[in-house]
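One structure is given below, encoded as structure tokens.
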Amino acid sequence: MQAQAPDRDERAMGERDGRPDGGPGPDPGGPGAAARGPAPASAPASASASAPASAPASASAPASASASAPASAPASASAPASASASAPDSAPGEEPEPRRGRPRSAAAERAILDAVVELLEAGEPLAALSIERIARTAGVGKATIYRRWAGKEELFVDVLRAIEPPEPDVSGTGGLDDLRVLLESIRTRGLAQRSSALLHNVFAQMKSHPKLWHEYQCTVIAPRRLAMAAAVRRAVEAGELRDDTDVELMDDLFLGPMLVRTIHRPDAPLPEDLADRIIALAIEGLAPRRAAGKPDDGTDQG
Numbered sequence: 135m136q137a138q139a140p141d142r143d144e145r146a147m148g149e150r151d152g153r154p155d156g157g158p159g160p161d162p163g164g165p166g167a168a169a170r171g172p173a174p175a176s177a178p179a180s181a182s183a184s185a186p187a188s189a190p191a192s193a194s195a196p197a198s199a200s201a202s203a204p205a206s207a208p209a210s211a212s213a214p215a216s217a218s219a220s221a222p223d224s225a226p227g228e229e230p231e232p233r234r235g236r237p238r239s240a241a242a243e244r245a246i247l248d249a250v251v252e253l254l255e256a257g258e259p260l261a262a263l264s265i266e267r268i269a270r271t272a273g274v275g276k277a278t279i280y281r282r283w284a285g286k287e288e289l290f291v292d293v294l295r296a297i298e299p300p301e302p303d304v305s306g307t308g309g310l311d312d313l314r315v316l317l318e319s320i321r322t323r324g325l326a327q328r329s330s331a332l333l334h335n336v337f338a339q340m341k342s343h344p345k346l347w348h349e350y351q352c353t354v355i356a357p358r359r360l361a362m363a364a365a366v367r368r369a370v371e372a373g374e375l376r377d378d379t380d381v382e383l384m385d386d387l388f389l390g391p392m393l394v395r396t397i398h399r400p401d402a403p404l405p406e407d408l409a410d411r412i413i414a415l416a417i418e419g420l421a422p423r424r425a426a427g428k429p430d431d432g433t434d435q436g
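Numbers 135 to 436, taken from our numbering, label the letters of the sequence shown in order.
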């Protein structure tokens, strides 16, 4: 049966849509569009973006004609501005916007630590300090404090770290050299406690607060003791100390005199060479033993 020719109205609609034959054109996005593939080279040029890039664009093509082209077709030079709506948000080479979040504010932490020091210097005892009062003095909310510290004990330990001399910088590879640095740091902290009424007052109060004292021992003193013991072990491995003596006992022999001078005898002198003198004295009994039959003065026996 012969197909009927399109009537005048249908031809007019076809010409308006860019179909020169006036007949109904295929739906570019419909089923089978991908199977049909690109239009043959002999097809009439249209204003659609599916036409080859070398084909001249029709001046009478409407702007909406290119919007219905398949996504895989090459873009025409006459593509409208609206076709770029699907382009990525950031241009090539442009830094992406960083992910926003709630950063840990160093300024807020500094304000909180300073507030505790301010209250202690004003004569407030540790037992009287509340999180609410510390927050009010620091100008922050209580939630800001609790996001950083579980309670007052943890906060007070960080306050002590802030006002004490900094932790010593040890190599982690030396034996007696690292031991000397660690002993010297204890001496400088002892001097700081003597010269700082605040430190002296805080340490005196800490001893009457078992929970706070325990927290300080676990988070500050224990790591320092471990570093001392590690330095003693390295000295043994390097042949600087005897290898037949308990490491913890040797550690106590080095550490004990410094602790007595800095804590138990607050009036005892703390000279600059105290660490060297302690090590030299301890080494007299802890130095490696000489081989049997070898004289002490190094001369040959005859």
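Don't be surprised by glycine CBs; every beta carbon is placed ideally from N, CA and C.
Segments assigned alpha helix (DSSP H), at least 4 residues, entirely inside the segment 281–340
With a minimum length of 4 residues, the continuous alpha helix (DSSP H) runs that stay inside the segment 281–340 are 286–297, 310–329, 331–340.
Would you call the CB atoms of Met384 and Leu393 closer than 8 angstroms?
Not in contact: Met384 and Leu393 (Cβ atoms no closer than 8 angstroms).
Rounded to the nearest angstrom, what separates Val381 and Gly257 at their Cα positions?
In a straight line, the C-alpha of Val381 is about 43 angstroms away from that of Gly257.
Using only CA atoms, which one of Arg270, Ala261, Arg328 lies nearest to Leu404?
Minimum Cα distance to Leu404 is reached at Arg328.
Sequence-distant residues of the same chain with beta carbon closer than 6 angstroms to Pro160, five excluded per side
Because Pro160 carries a pLDDT of 47, less than 50, the predicted location of this residue cannot be relied on, and the following value inherits that uncertainty. Nothing meets the Cβ criterion.
Among residues of its own chain, excluding the 5 on either side of Ala363, which ones have a beta-carbon nearer than 7 angstroms to its beta-carbon?
For Ala363, where only same-chain residues beyond five positions count, the Cβ hits under 7 angstroms are Val381, Glu382, Asp385.
Residue environment, Glu349, which counts as buried when at least 16 other CB atoms sit within 10 Å:
By the neighbour-count rule (16 or more Cβ atoms within 10 Å), Glu349 is buried.
Using DSSP with H/G/I as helix, E/B as strand and the rest coil, what is Arg423?
Arg423 falls in the coil class under three-state DSSP.
Residues of its chain near Met340, where Cβ-Cβ distance is below 7 angstroms and the 5 sequence neighbours each way are ignored:
Answer for Met340: Leu346, Trp347, Tyr350, listed in chain order.
Contact under 8 angstroms by Cβ, Val293 with Thr353:
The Cβ-Cβ distance between Val293 and Thr353 does not fall below 8 angstroms.
For Gly164, count neighbouring Cβ atoms within 10 angstroms of its own Cβ and tell me buried if that reaches 16, exposed if not.
Residue confidence for Gly164 is low, a pLDDT of 46 falling below 50, so the modelled location carries little weight; the figure read from the coordinates is stated next. By the neighbour-count rule (16 or more Cβ atoms within 10 Å), Gly164 is not buried but exposed.
Please state if the CB of Ser330 and the CB of Pro302 are separated by a distance shorter than 8 angstroms.
Their beta carbons are not under 8 angstroms apart, which means Pro302 does not touch Ser330 by this criterion.
Cβ shell of Ala245 (< 8 angstroms), same chain only, five flanking positions each side left out
Same-chain partners within the cutoff: Ala272, Gly273, Val274.
What would DSSP say about Pro172, mapped onto helix, strand or coil?
Caution applies to Pro172, whose pLDDT of 47 falls short of 50 and renders its modelled position unreliable; the value that the coordinates give is listed next. In the three-state reduction of the DSSP assignment, Pro172 falls in the coil class.
Alpha-carbon to alpha-carbon, Leu253 and Asp416:
Checking the sequence shown, residue 416 turns out to be Ala, not Asp. Taking the straight line from one Cα to the other gives about 43 angstroms.
When Asp311, Val336, Leu360 are compared against Pro259, the one with the closest alpha-carbon:
Comparing Cα-Cα distances from Pro259 to each of Asp311, Val336, Leu360, the minimum goes to Val336.
Report the three-state DSSP secondary structure of Pro403 (helix, strand or coil).
Correct three-state label for Pro403: coil.
If the criterion is Cβ atoms closer than 8 angstroms, does the pair Glu298 and Ala326 meet it?
Yes, Cβ-Cβ distance for Glu298 and Ala326 is below 8 angstroms.
Whose C-beta lies closer than 8 angstroms to the C-beta of Thr379 among residues of the same chain, with five residues either side of it excluded?
Result list for Thr379: Leu420, in chain order.
For Ala402, which residues from the same chain have a beta carbon less than 7 angstroms from its beta carbon, with the 5 sequence-adjacent residues on both sides left out?
These residues qualify, in order along the chain: Arg395.
Exposure of Ala365, with buried meaning 16 or more beta-carbon neighbours within 10 Å
By the Cβ neighbour-count rule, Ala365 is buried, with 16 or more other Cβ atoms within 10 Å of its own.
Helix, strand or coil for Thr271? Go by DSSP, reduced to three states.
Looking at Thr271 - three-state DSSP - the assignment turns out to be helix.
Here's the rule I'm using: 16 or more other beta-carbon atoms within 10 Å means buried, otherwise exposed. How should Gly324 be labelled?
So Gly324 ends up on the buried side.
What do you reckon, are the CB atoms on Lys276 and Glu288 nearer than 8 angstroms?
Against a cut-off of 8 angstroms, the Cβ pair of Glu288 and Lys276 comes out as no contact.
State buried or exposed for Leu389, treating a residue as buried only when at least 16 other CB atoms are found within 10 Å of its CB.
Buried, because 16 or more other Cβ atoms sit within 10 Å of the Cβ of Leu389.
For His343, which of helix, strand or coil comes out of DSSP?
In the three-state reduction of the DSSP assignment, His343 falls in the coil class, being assigned neither a helical nor a strand state.
Using a threshold of 8 angstroms, state whether the C-beta atoms of Arg321 and Leu263 are closer than that.
Cβ distance not < 8 angstroms, so Arg321 and Leu263 don't count as in contact.
Start-to-end residues for the alpha helix (DSSP H) that takes in Asp386:
Element bounds for Asp386: 381–393.
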